[in-house]
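Let me begin by presenting the structure, written as structure tokens, before commenting on it.
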Amino acid sequence: MNIPKTLGEALAQSPLLFPLQFDPTGNIVQVVRLLESDYASASFLDNRMLGNGTQTAAVPWSDLNEAATGLPKRCHFIFHISHAGSTLLSRLMG
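Numbering (the numbering used here), first residue to last: -8 to 85.
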């Protein structure tokens, strides 16, 4: 697997960085490093998937926004509020 060297490369190559949480007061996005197998084995795609060894990082929104500039605009995700059935829908679509 090609290891991305920059945030922009990581965003362009795969869904390796999952945006878990946004802190609007600090303009920080908490991202979680997830492999395809991690997505498949997670019962929920929220804080409940965090455990020992889960790699997370706090990324300034401005850095994430800049890194995403120029990426194709696609909508292959479900935005939700907890307990809406989105994990079930994600698994069905996956």
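In this text, a Cβ means the ideal position worked out from N, Cα and C, and glycines have one as well.
query	result
Segment contact, 8 Å Cβ cut-off, at least three pairs: the stretch 37 to 54 with the stretch 10 to 19	yes
Range of the contiguous beta strand (DSSP E) that encloses L(-2)	Here L(-2) belongs to no beta strand (DSSP E); instead the alpha helix (DSSP H) covers L(-2) to Q4.
Distance, P51 Cα to T45 Cα	19 Å
Coarse secondary structure for R39, derived from DSSP in three states	helix
Extent of the continuous alpha helix (DSSP H) to which A33 belongs	Here A33 belongs to no alpha helix (DSSP H), and DSSP marks it neither H nor E.
Cross-strand partners of L8 (DSSP beta bridge)	R24
Which residues DSSP lists as bridging P51, in chain order	I19
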